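Numbering (this note's numbering), first residue to last: 2 to 256.
A virtual CB, placed ideally from N, CA and C, is assigned to each residue, including glycine.
It should be emphasised that the depicted structure is a prediction, and the values quoted were computed from it without experimental measurement.
Read the structure below first, then the notes.
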Amino acid sequence: MATALVIENDPTDDLRRLGEWLTEAGLDLWVVRPHAGDELPADLEGYAALVVLGGEQQAYPLPDGSPGAPWFPTVEGLLRKAVRHRVPTLAVCLGAQLLATAHAGRVERSPSGPEIGPSVVGRRDAAEQDPLFRYVPLIPDVLQWHSDEITELPHGATLLAASTRYPHQAFRMGDRAWGLQFHIECDTAMIAAWAAASSQLAELGYDPELLVAACDAVMADVEEVWQPFAARFAALALGELDDDTPRRSLPLLGH
2 MATALVIEND PTDDLRRLGE WLTEAGLDLW VVRPHAGDEL PADLEGYAAL
52 VVLGGEQQAY PLPDGSPGAP WFPTVEGLLR KAVRHRVPTL AVCLGAQLLA
102 TAHAGRVERS PSGPEIGPSV VGRRDAAEQD PLFRYVPLIP DVLQWHSDEI
152 TELPHGATLL AASTRYPHQA FRMGDRAWGL QFHIECDTAM IAAWAAASSQ
202 LAELGYDPEL LVAACDAVMA DVEEVWQPFA ARFAALALGE LDDDTPRRSL
252 PLLGH
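Written out as structure tokens, the structure is:
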């Protein structure tokens, strides 16, 4: 069985539903928790894929110049190796920001303010030629929980999804590494735990119970879109995704 290396940056943001979808699709998962002292590998030898999860840390340096977490330079190095060696990679929220900074993109505290709760993003034209995003609906449901933003994509990145306030919602580096600013892994229990621990919601004037209920209401819609996406990512890692299969197109009117 092919194995994906999973980097969990924060104990509050684990694989959850994404892990279930990937294992159901046939991918074995090896989870490394550097926040708990686990040592990250020096390279991706023996791994069929790389998954980098989110967290409360920031992808850019702290005021004293140190990284947002001591292991982030190693994570960025693994992300660069993954792109260089075409190892299928899925990076979520903070993971996507690290994928950007690893390739000279820019991440900053968002001038638009935090983005929290259920949302939709708009698929970009380039997604039509993407092996994963071509099957995502034009305006898919997602879950958001971030205060930082990718303000500048790396050179050569392909923008795949955007929104009005946050233009860089999803992108691809090379041909096998995807960054998602939004969350697809969360279940309602995870959102409820975040809401209970957050002081930010009161500052924003959000009712935690209403926020959790709103997220819970779209969980089925999120799964409908992103479970097949995860399954296609797993198929790519397993060498089972046929990118050359012609896509069925709608007939022209009158033909």
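Item	Value
Residues bridged to ASP149 by DSSP?	ARG110
What did DSSP end up calling ARG85 once you bin it into helix, strand or coil?	helix
Since THR152 and VAL108 are thought to touch, with beta carbons under 8 Å apart, how far apart are those beta carbons, to the nearest angstrom?	7 Å
What whole-angstrom Cβ distance do LEU239 and ALA3 have, given they're in contact under 8 Å?	5 Å
On the CB-based measure, 16 or more other CB atoms within 10 Å of its CB, does TRP31 come out buried or exposed?	exposed
Going by C-alpha distance, which of LEU79, GLU116, ARG87 is nearest THR102?	LEU79
Should SER67 go down as buried or exposed, given a rule of 16 or more other Cβ atoms within 10 Å for buried?	exposed
Go through its chain and collect everything with a Cβ distance to ARG34's Cβ below 8 Å, but skip five positions before and after it.	GLU9, PRO12
Where in the stretch 44-85 do unbroken runs of the beta strand (DSSP E), each at least 3 residues long, occur, reported from the N-terminal end onward?	50-53
Using the Cβ count rule (16 or more neighbours within 10 Å means buried), how would you classify ALA70?	buried
DSSP three-state call for GLY96: helix, strand or coil?	helix
Please report how far the alpha carbon of HIS104 lies from the alpha carbon of ASP176, in whole angstroms.	14 Å
Under 8 Å between the Cβ atoms of GLU186 and ARG17?	yes
Pop quiz: GLY56 and LEU95 are said to be a contact at Cβ under 8 Å. What is the actual Cβ separation, rounded to whole angstroms?	5 Å
Note down the Cα distance separating GLY38 from PRO74, rounded to an integer number of angstroms.	15 Å
Should ASP131 and GLN59 be called a contact, given that it needs their Cβ atoms to be closer than 8 Å?	no
Should HIS156 go down as buried or exposed, given a rule of 16 or more other Cβ atoms within 10 Å for buried?	exposed
Excluding five sequence neighbours on each side, which residues of the same chain lie with their C-beta closer than 6 Å to the C-beta of LEU154?	GLY106, HIS169, PHE172
So, helix, strand or coil for ALA26, using DSSP?	coil
Could you work out which residue in LEU51, ASP65, LEU63, PRO64 is closest to GLU77 when comparing CA atoms only?	LEU51
Spell out the partners DSSP gives SER120 in its beta bridges.	VAL143
From THR159 to ALA197, what does the alpha carbon distance come to, in whole angstroms?	36 Å
Spell out the partners DSSP gives TRP179 in its beta bridges.	LEU91, ARG173
With 16 as the cutoff for other CB atoms within 10 Å, does THR90 come out buried or exposed?	buried
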